[in-house]
Amino acid sequence: MVKSMFSGIAGLRAHQQKMDVIGNNIANVNTFGYKAGRVTFKESIYQTTSSSSGGNDVFGGSNPSQVGYGSQVGTIDLMFSSGSYAPTDSSMDCMIDGQGFFIVGQKNGETEIKTDPKEMSAAMSKYTLSRVGNFTFDGDGFLVDGSSNVIYGFMYKDGALNEGTLQPIRVPYVDKDGKLLTPGDSSGTPLKLNSISISKTGEITGTDSAGKTVSVGMIAIANVPNPNALEKTQGPYYSIRENTGYIVPYKPGEGTTGKILNYGLEMSNVDLAKEFSEMITTQRGFQANTRIITVTDQMLEELVNIKR
Numbered sequence: 001m002v003k004s005m006f007s008g009i010a011g012l013r014a015h016q017q018k019m020d021v022i023g024n025n026i027a028n029v030n031t032f033g034y035k036a037g038r039v040t041f042k043e044s045i046y047q048t049t050s051s052s053s054g055g056n057d058v059f060g061g062s063n064p065s066q067v068g069y070g071s072q073v074g075t076i077d078l079m080f081s082s083g084s085y086a087p088t089d090s091s092m093d094c095m096i097d098g099q100g101f102f103i104v105g106q107k108n109g110e111t112e113i114k115t116d117p118k119e120m121s122a123a124m125s126k127y128t129l130s131r132v133g134n135f136t137f138d139g140d141g142f143l144v145d146g147s148s149n150v151i152y153g154f155m156y157k158d159g160a161l162n163e164g165t166l167q168p169i170r171v172p173y174v175d176k177d178g179k180l181l182t183p184g185d186s187s188g189t190p191l192k193l194n195s196i197s198i199s200k201t202g203e204i205t206g207t208d209s210a211g212k213t214v215s216v217g218m219i220a221i222a223n224v225p226n227p228n229a230l231e232k233t234q235g236p237y238y239s240i241r242e243n244t245g246y247i248v249p250y251k252p253g254e255g256t257t258g259k260i261l262n263y264g265l266e267m268s269n270v271d272l273a274k275e276f277s278e279m280i281t282t283q284r285g286f287q288a289n290t291r292i293i294t295v296t297d298q299m300l301e302e303l304v305n306i307k308r
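Sequential numbering from 1 applies to the sequence shown in the UniProt record's numbering.
Structural data, given as structure tokens:
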């Protein structure tokens, strides 16, 4: 009877954790870029009361007898299906239409693109990833997200896109005479652009005061073979961990990465109807496990009072 008590307690704990995940999903139903969590259960440990045995010339064989100790949480997974497109009024708002993540880092970093996927993945570990593309340019000309973290991509060098180096995206700098400086030279001031647009391929272009089109750079998209191995951090960010596979930055639309849709953000992929259904079944499962505990308690009470 004590085993049933332990089973009930284990079931309560497992269902409570599932309810925690469901509650977090519902709370983030309108959070841009949020990916719903999913809980799976697994059986807990077993005690073998009698082992299996083989048959002989006289008797047949016997099967094992085992008593379980309830259930426990097996996995808590993130569902990385794409959310719906939510239109906005900003040309700088971007959504990845498919797989991949925006690459986020600090202002002073850059990474040489390596042909060895293992080396490239190790070099990518210093960055964080995000699915939320609410971008803008800060006062220093860097492309940043809503939390002021710098977005990485490929910059232009000598009129050509430098795909060999992953860099912070920044508006070109000009000297006091308005002449463009070499990329990376911040001795001048950011070039003032009247309008900025982002294409489906992630290319950022603007128009200067003379009406000339200026190429700023291209947003990079990280391909993550196993996104469930990413570790969620505060806000819309994911930390890269060992089991994610070889992470390689691409131009949008290359490899298995999706293209970019601007004038919009990715909505949460939480399905409210599904979450409420899961909530009901989880509640009933929790109630059933409390019933196990109360019935076991009544049985123990009868045992204690057997001699009166």
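C-beta atoms are modelled at their ideal positions from N, C-alpha and C, and glycine is treated no differently.
Please go through the same chain and pick out, in chain order, the residues whose beta-carbon is closer than 8 Å to the beta-carbon of residue i, but skip the five residues on each side of it.
i      : result
Ile45  : Gly68, Tyr69
Leu272 : Ile26, Val29
Ser197 : Ser91, Ile204, Thr205, Gly206, Asn262
Ser53  : Gly61, Ser62
Thr201 : Met218, Lys251, Pro252, Gly253, Lys259, Ile260
In or out: residue i buried (at least 16 other Cβ within 10 Å) or exposed?
i           : result
residue 324 : Absent from the structure is residue 324, since the part of the chain shown begins at 1 and ends at 308.
Pro64       : exposed
Gln167      : buried
Met299      : exposed
Asn226      : exposed
Asp93       : buried
Thr244      : buried
Thr257      : buried
Where does residue i fall in DSSP's three states?
i      : result
Asp97  : strand
Lys259 : strand
Glu110 : coil
Gln72  : strand
Leu78  : strand
Ile45  : coil
Asp18  : The question names Asp, but residue 18 in the sequence shown is Lys. It is helical.
Gln66  : strand
Phe59  : coil
Ile292 : helix
Pro227 : helix
Ala86  : strand
Short of 7 Å in beta carbon distance, which residues of its chain neighbour residue i, apart from the five on each side in sequence? Order them along the chain.
i      : result
Ala210 : none
Asn28  : Tyr34, Ser268, Val270
Glu275 : Ile22, Asn25, Ile26
Gln106 : Val150
Does chain D have any CB closer than 7 Å to the CB of residue i?
i      : result
Arg241 : This model lacks chain D altogether, as it is built from one protein chain only.
Within a Cβ cutoff of 6 Å, which residues of the same chain sit near residue i, ignoring the five residues on either side of it in sequence?
i      : result
Lys18  : Val39, Thr282
Ala123 : Thr111
Met155 : Asn162, Gln167, Pro183, Gly217
Gly77  : Before going further, note that residue 77 is Asp rather than Gly in the sequence given. Excluding sequence neighbours, Asp77 sits near Arg38, Asn228.
Per DSSP, residue i is paired with what?
i      : result
Thr136 : Val144
Lys157 : Ala160
Gly253 : None; Gly253 has no bridge partner.
Arg170 : Phe142
Arg38  : Asp77
Ala27  : BP columns for Ala27 are empty, so no partner.
Phe286 : Answer by DSSP bridge pairing: none, since Phe286 is not bridged.
Gly264 : Pro87
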